[in-house]
Amino acid sequence: MFEFWRRRKLARHAFADRDWEAVCARLPLLAWLDEAGRQRLRETATLFLADKILAPAAGFSLQPRQRIEIAIAAALPVLHLGLGAYRSFRGVIVYPDEFLAPREEVDEAGVVHTGHERVAGESWDAGPMLLSWADVEASREAEGYHVVIHECAHKLDLGDGDMNGVPDLSGSGVSGAEWRRVMTDAWERTGADWDAYGETEVDDYALESPAEFFAVLSEHFFTIPEHLHEVLPEAYSLLARFYRQDPLLGQHA
Ligand SMILES: [Zn+2]
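The end of the sequence shown is residue 262 by this note's numbering, with every number in the run present.
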C-alpha cells in the first residue's frame, strides 16, 4: 500500500487511546508483545477495520470497543504477514451468541438432507467470516480457545484457494512437502493419543479434518504457546515460521 494512503487511513480510522488501552487490558494474549509489537498491532487492527465491514446480525449492535477487540484478534495472526493475507473476504458478521449455520448432508441413498447446526464461528470459502460475540468474550482468557484466531486461520488456509489445512506458504521459507510432513506427523501422534487414551494433548476438535487441525493448532500457538511447544514442538516451530512470529520469544521470528 502506498505510504500516503496508509497514513491517511490510519489517521481517519484511528482508535481513541482510552478505547485501545481498555481493550488491550482485557486481553492477556497480548502480554508477550513488546512496545513495537503493540504499535504494529494497533496499526494493523486500525487498517483491518478500515478495510473490512463488521456487520452485527440478529438484532445485535456493535460498540466501538467490541469492534476493536475483534480487530485486534484478527490482526494478531497477520502481524507480520500483512492484511493482504485476508484479501479473500471483506465482511465479518457478528451474532450476539452461537448461531445456526446451514448444513447439508448426503445419506447413503444419495438423498440430500438440509438442516442447521449451532456454531460459534464459521468461514465460508468465498464469503464473510461469521462470529458469535459471546464466544469472542469467552476467548478473552485465551486458554487454548480463540474463536477469532480460529476463523482467521481458516481464512489464511483459503489463501491458496483450498481449505485443506495448508495455507499459502509463499515467502515463509516452508515448502509444501515440509508442511505436510510436520503436520501429518503431529496429526498422527494426536490421533494415536485419541485411539489409546480417548484424550489428546490438543483440543480434540482438531481431529475433525486437516483444516480444523491447522485452525486449532493456531489457536493454541497464540494462546497457550508453552503448551503447544511442549507437546508438538515441530508443529510449533512450523507455525512460528509461517506466522513469522514467536509468542514464546515475544518477537518477530
Ligand atoms: Zn473450524
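Don't be surprised by glycine CBs; every beta carbon is placed ideally from N, CA and C. Computed from a predicted structure; not experimentally measured.
Contact under 9 Å by Cβ, residue i with residue j
{"i": "L226", "j": "L248", "result": "yes"}
{"i": "L58", "j": "R15", "result": "no"}
{"i": "L216", "j": "W188", "result": "no"}
{"i": "E78", "j": "V32", "result": "yes"}
{"i": "A151", "j": "I81", "result": "no"}
{"i": "L71", "j": "V120", "result": "no"}
{"i": "T199", "j": "F231", "result": "no"}
{"i": "L90", "j": "R250", "result": "no"}
{"i": "V115", "j": "H125", "result": "no"}
{"i": "G170", "j": "L178", "result": "no"}
{"i": "G46", "j": "G259", "result": "yes"}
{"i": "S263", "j": "H163", "result": "Residue numbering for the chain in the displayed model covers 10 to 262; residue 263 lies beyond these limits and cannot be assessed."}
{"i": "A220", "j": "D255", "result": "no"}
{"i": "S97", "j": "G168", "result": "yes"}
{"i": "E44", "j": "L19", "result": "no"}
{"i": "V191", "j": "A244", "result": "yes"}
{"i": "D202", "j": "T193", "result": "no"}
{"i": "R263", "j": "R149", "result": "The requested residue 263 is not part of the displayed model; the chain covers only 10 to 262."}
{"i": "G153", "j": "V211", "result": "yes"}
{"i": "A83", "j": "A40", "result": "no"}
Whole-Å CB distance - residue i paired with residue j, under 8 Å assumed
{"i": "H155", "j": "E228", "result": "5 Å"}
{"i": "I158", "j": "L85", "result": "7 Å"}
{"i": "K61", "j": "R27", "result": "23 Å between Cβ atoms; not a contact."}
{"i": "E160", "j": "G180", "result": "That pair is no contact at about 22 Å."}
{"i": "D134", "j": "M172", "result": "6 Å"}
{"i": "L42", "j": "L50", "result": "6 Å"}
Beta-bridge partners of residue i, as assigned by DSSP
{"i": "M138", "result": "V101 and S132"}
{"i": "R112", "result": "G124"}
{"i": "P65", "result": "V103"}
Cβ contact (3+ pairs, closer than 8 Å) linking the stretch 65-84 and the stretch 93-108:
yes
Sequence ranges, alpha helix (DSSP H) only - wholly within the stretch 160-207, length at least 4
185-206
May I have a chain-ordered list of the alpha helix (DSSP H) segments no shorter than 4 residues that lie completely inside the stretch 37-82?
44-60
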